[in-house]
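Chains as they are written, first to last, in the numbering used here: chain A, 389 to 571; chain B, 389 to 571. Note that CB positions come from ideal geometry on N, CA and C, so glycine has one too. Right, one structure below, let's go through it.
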DNA sequence: CGGCTCATGTAAAGAGTTACATGATTTG
DNA sequence: CAAATCATGTAACTCTTTACATGAGCCG
């Protein structure tokens, strides 16, 4: 059911088409929270419209249909956002890999950790820039500001974790510091 | 494919039955990384056995079958753990809700944030205790130590985020501090 | 020996991915 | 006018959940 409410939520931000929604998943939601392809989005929009939760408010070129929430849709979204009792469990392959990583020996794990470290630093920089930009001139924050700040903090914690993990593993791999890989 | 490697990974820790694996998902993996029910686990174990990646090493009471990795299974797991190129996107309904939370007005969001804050503090305490226990007397760390430390840090960051978010929202809801809710 | 837990399974439905398919509009 | 992008759709397959189903062993 999450997709359904994700769509309602994005339409609450502003009316848009299936195409727009697809891009929003691709550009921001996908990396932090949820993903869906157009092949799942279009049928779901048709169901939402059939259920009276959204409605076409504009028809444009190339068959483009812009949807907006109906009053019923706004209520459904609101009800869902206020009720946290049925939160789906997280599905995070990254953490799964961490769980299983003891299978590798430290000399194998260390380069992986360095890659993660790099990646996390880049994420922090990118997210900080985005949050900064959204906080912009007029002091208004924009949609998803709580998530943005959450993301920044999560990735900062990830950077610190990676630093800790590297030093932890480096202790188990004494041959560090010399570029010499012989014997 | 993640389930497949999750099972191989857990069997790499120690040989166990489908029943044991089901409980491990339920008790620890579910909350942080991945979930699967017995109805998905048993058929997958049969497939893994058919593919020669695991094998029954013991048969016990009530039809219990204990599986262990074969050499091929160990290689498959190792290959997967070393190759991070095809990481599945995160599916996190919690973050999705944060994304959409601007739909609520601050007076509605604030109590939700307080609940999250409480919950995060409990998670930190529980995880710290678990990590501490695993770090135990002999200094050995146990399976999943990297994930454990990661979890603690993520939840600590969540607590700090919640504190920030509460103070941020409280500014938008001036009638705080008086328990009086009348007009 | 009755109730609980252990232990495994299958079937149907729902959610999500991949691949196939089509056509309109814009841009250079 | 050709190429790229916009825009929507469906079909087949895989993955996941929910529900149904069964029986053995353990504990009081």
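Shortest alpha-carbon distance to residue 411 (chain B) belongs to which of B:548, B:499, B:424 and B:502?
The residue given as residue 411 (chain B) occupies position 23 in the second chain. Of B:548, B:499, B:424 and B:502, the residue nearest in Cα terms is B:424.
Meets three-Cβ-pair contact criterion under 8 Å: the region 488-505 of chain B and the region 542-558 of chain B:
yes
Taking C-beta to C-beta, are residue 546 (chain A) and residue 534 (chain B) nearer than 7 Å?
Numbered from its first residue, the first chain carries residue 546 (chain A) at position 158. Numbered from its first residue, the second chain carries residue 534 (chain B) at position 146. Their beta carbons are not under 7 Å apart, which means residue 546 (chain A) does not touch residue 534 (chain B) by this criterion.
Helix, strand or coil at residue 458 (chain A) according to DSSP, with G and I counted as helix
Mapped onto the first chain, residue 458 (chain A) falls at position 70. Residue state, collapsed to three classes: coil.
Report the start-end ranges of each alpha helix (DSSP H) in the region 411-451 of chain B that is 4 residues or longer and not cut off at the edges.
If we require 4 residues or more, the alpha helix (DSSP H) runs fully inside the region 411-451 of chain B come out as 426-438.
For residue 485 (chain A), tell me which candidate among B:543, B:539, B:487 and B:442 has the shortest Cα-Cα distance.
Here residue 485 (chain A) refers to the residue found at position 97 of the first chain. Closest by alpha carbon: B:539.
Pick out whichever of A:511, A:494, A:406 and A:487 has its Cα sitting closest to the Cα of residue 544 (chain A).
Looking up residue 544 (chain A) in the first chain gives position 156. The residue among A:511, A:494, A:406 and A:487 with its C-alpha nearest the C-alpha of residue 544 (chain A) is A:511.
Go ahead and label residue 405 (chain B) buried or exposed: buried means 16 or more other beta carbons lie within 10 angstroms of its beta carbon, across all protein chains shown.
The count along the second chain starts at 1 and reaches residue 405 (chain B) at position 17. Classification for residue 405 (chain B): buried.
Residue 453 (chain B) to residue 444 (chain B), Cα distance in whole Å?
In the second chain, residue 453 (chain B) corresponds to position 65, counting from 1. In the second chain, residue 444 (chain B) corresponds to position 56, counting from 1. Each residue's Cα considered, the two are about 6 Å apart.
Can you grab the Cα-Cα spacing for the pair residue 508 (chain A) / residue 551 (chain B), in whole Å?
Working through the first chain from its first residue, we reach residue 508 (chain A) at position 120. Working through the second chain from its first residue, we reach residue 551 (chain B) at position 163. Distance between the alpha carbons of residue 508 (chain A) and residue 551 (chain B): 23 Å.
Excluding sequence positions up to five away, which residues of its chain have a Cβ less than 7 Å from the Cβ of residue 566 (chain A)?
Looking up residue 566 (chain A) in the first chain gives position 178. Unreliable placement is indicated for residue 566 (chain A), whose pLDDT of 48 sits below 50; no coordinate value is reported for it.
Reducing DSSP to helix, strand and coil, say where residue 404 (chain A) ends up.
The count along the first chain starts at 1 and reaches residue 404 (chain A) at position 16. DSSP places residue 404 (chain A) in strand when its eight states are reduced to three.
Looking at C-beta atoms only, is the number of pairs between the region 418-432 of chain A and the region 470-483 of chain B that lie closer than 8 Å three or more?
yes
Can you list, in chain order, the residues of the region 415-436 of chain A whose Cβ is nearer than 9 Å to any Cβ on chain B?
416, 417, 418, 419, 420, 421, 422 and 423
What first and last residue would you give for the alpha helix (DSSP H) that runs through residue 476 (chain B)?
Within the second chain, the letter at position 88 stands for residue 476 (chain B). Note, residue 476 (chain B): premise wrong, no alpha helix (DSSP H); not H, not E.
Express the C-alpha separation of residue 399 (chain B) and residue 447 (chain B) in angstroms, rounding to a whole number.
Locating residue 447 (chain B) in the second chain gives position 59, counting from the first residue. Locating residue 399 (chain B) in the second chain gives position 11, counting from the first residue. In a straight line, the C-alpha of residue 447 (chain B) is about 16 Å away from that of residue 399 (chain B).
Residue 546 (chain A): first and last residue of the uninterrupted alpha helix (DSSP H) it sits in
Translated into positions along the first chain, residue 546 (chain A) becomes position 158. Residues 533-560.
Comparing the C-beta of residue 389 (chain A) with each C-beta of chain B, is any distance below 7 Å?
Position 1 of the first chain, counted from the first residue, corresponds to residue 389 (chain A). By this cut-off, residue 389 (chain A) is not an interface position.
Report all residues from its chain with a CB closer than 7 Å to the CB of residue 458 (chain B); omit the five preceding and five following residues, and keep chain order.
The residue you call residue 458 (chain B) lines up with position 70 of the second chain. If you ignore the 5 residues before and after residue 458 (chain B), its C-beta comes within less than 7 Å of the C-beta of 440, 441, 442 and 443, all in its own chain and listed in chain order.
Against chain A, does residue 473 (chain B) count as a neighbour if the rule is that its beta carbon must be under 7 Å from one of theirs?
In the second chain, residue 473 (chain B) corresponds to position 85, counting from 1. Chain A contact via Cβ: absent.
Residue 411 (chain B) at chain A interface by Cβ criterion, 7 Å:
As a working mapping, residue 411 (chain B) is identified with position 23 in the second chain. Residue 411 (chain B) does not count as touching chain A.
Could you tell me which of B:518, B:389 and B:461 sits nearest to residue 401 (chain B), measuring between CA atoms?
As a working note, residue 401 (chain B) is residue 13 in the second chain. Selected option, being the one with the closest Cα: B:461.
Buried or exposed: which applies to residue 541 (chain A), given that a residue is buried once 16 or more other Cβ atoms fall within 10 Å of its Cβ?
For the purposes of this step, residue 541 (chain A) is taken as the residue at position 153 of the first chain. By the neighbour-count rule (16 or more Cβ atoms within 10 Å), residue 541 (chain A) is buried.
For the alpha helix (DSSP H) holding residue 530 (chain A), just list the boundary residues, first then last.
In the first chain, the residue the question calls residue 530 (chain A) occupies position 142. Element bounds for residue 530 (chain A): n/a, residue is neither H nor E.
Could you tell me the boundaries of the alpha helix (DSSP H) in which residue 500 (chain B) lies?
On the second chain, residue 500 (chain B) is found 112 positions in, with the first residue counted as 1. Residue 500 (chain B): member of the alpha helix (DSSP H) spanning 494-523, first to last residue.
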